[in-house]
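In order, the protein sequence lines correspond to chains A and B. 1 is the number of the first residue of the first sequence in our numbering; add one for each residue after it. 115 is the number of the first residue of the second sequence in our numbering; add one for each residue after it.
Number of protein chains: 2
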Amino acid sequence: MRIGELSERTGASVRSLRYYEQQGLLTSERRTNGYRDYPPAAVATVDAIRSLLRVGLTTALLKDVLPCTVGERSEAACPQVLGRIAALRDDVQSRARRLAETGTSLTAYLRDNR
Amino acid sequence: MRIGELSERTGASVRSLRYYEQQGLLTSERRTNGYRDYPPAAVATVDAIRSLLRVGLTTALLKDVLPCTVGERSEAACPQVLGRIAALRDDVQSRARRLAETGTSLTAYLRDNR
DNA sequence: GTTGACCCTGACACCTACGTCAGACTTTAC
DNA sequence: GTAAAGTCTGACGTAGGTGTCAGGGTCAAC
């Protein structure tokens, strides 16, 4: 399929799809006219990319993560990836906790000073 | 105290301190020579700023949050601030959850495909 | 009176995932 | 045959917090 259709089917903008390709997350064939041509499986790949980006992974990290989830497993690299994901998760979790604390203390503050 | 001392005592770079002031988070007097002059309380203010920034708040939001925590309470604005903090907290929490899921599924994947 | 440490403002650089515009070609529809 | 829609590459813009450099005052010590 062409890039417009892939865009429609995934919700990713055409610009984003080209960006993913530029970052090495997505590949495409080229037709004789230069247009990109994607296989049906690209939809799943793009879905995976977007959901992982939403979580907070970067394209650089995604480049290592994707082979562990969608493509062929490169077993040597994946444990390291797991470590980085765990670190990121811990960081995000601690931020969430401190945010909750901030909210709580603000609530208490408001209650006591009204 | 001068900016260099405040920087040392807070761990914030001189550049950051000037930035905080530019964003309206921090105020200073000026000596006759143009140097900034901070009261001792500025240390606590900067500590608050940095810890809230680390959590993920932006300077724009901080501008609203700080009066609720350090300065005089502006009771009208704070409930709205609380709402924004809660939304941010929820967002960060859901990201943490999904990150944990990603880590879990990758772990399972590695275990099953070894 | 000079060195060196400290301070000032202004401005460009960085990163990340895009949005958006320009200029040009291809294909489709009428 | 022409207009419209789709695609191409290239490049600049954005937000946010901070690094860093440039060019220039200030002050304390020797």
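Just so you know, even glycine gets a beta-carbon here, dropped at the ideal spot from N, CA and C. Every value quoted in this text rests on a predicted model; they were computed, and no experiment measured them.
Applying a beta-carbon distance threshold of less than 8 Å, which residues of chain A neighbour residue i?
i          : result
Ile-163(B) : Ordered by position in chain A, no residue passes the 8 Å Cβ test against Ile-163(B), which lies about 13 Å from the chain.
For residue i and residue j, I'd like the C-alpha separation in whole angstroms.
i          : j          : result
Tyr-38(A)  : Met-1(A)   : 5 Å
Arg-9(A)   : Ile-117(B) : 54 Å
Tyr-134(B) : Ala-87(A)  : 29 Å
Leu-139(B) : Asp-205(B) : 25 Å
Asp-64(A)  : Gln-23(A)  : 12 Å
Ser-7(A)   : Ala-126(B) : 44 Å
Leu-196(B) : Leu-66(A)  : 37 Å
Ala-210(B) : Ser-94(A)  : 9 Å
Arg-50(A)  : Leu-17(A)  : 10 Å
Thr-221(B) : Asn-33(A)  : 43 Å
At least one CB of chain A closer than 8 Å to the CB of residue i: is that the case?
i          : result
Thr-172(B) : no
Gln-207(B) : yes
Arg-150(B) : no
Ala-200(B) : yes
One question on the structure: do residue i and residue j come within less than 8 Å of each other, judged by their Cβ atoms?
i          : j          : result
Val-55(A)  : Arg-203(B) : no
Leu-175(B) : Arg-198(B) : yes
Residues in its own chain within less than 7 Å of residue i by CB, not counting five upstream and five downstream?
i         : result
Arg-36(A) : Arg-2, Ile-3, Ser-28, Arg-30
Gln-80(A) : none
Val-14(A) : Ile-3, Gly-4, Ser-7
Determine the chain B residues that contact residue i at a beta-carbon separation under 7 Å, and present them in chain order.
i         : result
Arg-89(A) : Ala-210, Leu-213, Ala-214, Gly-217
Can you pull the chain B neighbours of residue i, defined as C-beta to C-beta under 8 Å?
i         : result
Thr-45(A) : Near Thr-45(A) there are no residues of chain B at all, since even the closest Cβ is about 16 Å away, more than 8 Å.
Skipping 5 residues on each side, what residues in its chain have a beta carbon closer than 6 Å to that of residue i?
i          : result
Thr-216(B) : none
Pro-40(A)  : none
Which same chain residues end up closer than 8 Å to residue i when comparing Cβ atoms and leaving out the 5 residues on each side of it in sequence?
i         : result
Asp-47(A) : Thr-10
Does any C-beta atom of chain B lie closer than 8 Å to the C-beta of residue i?
i          : result
Thr-107(A) : yes
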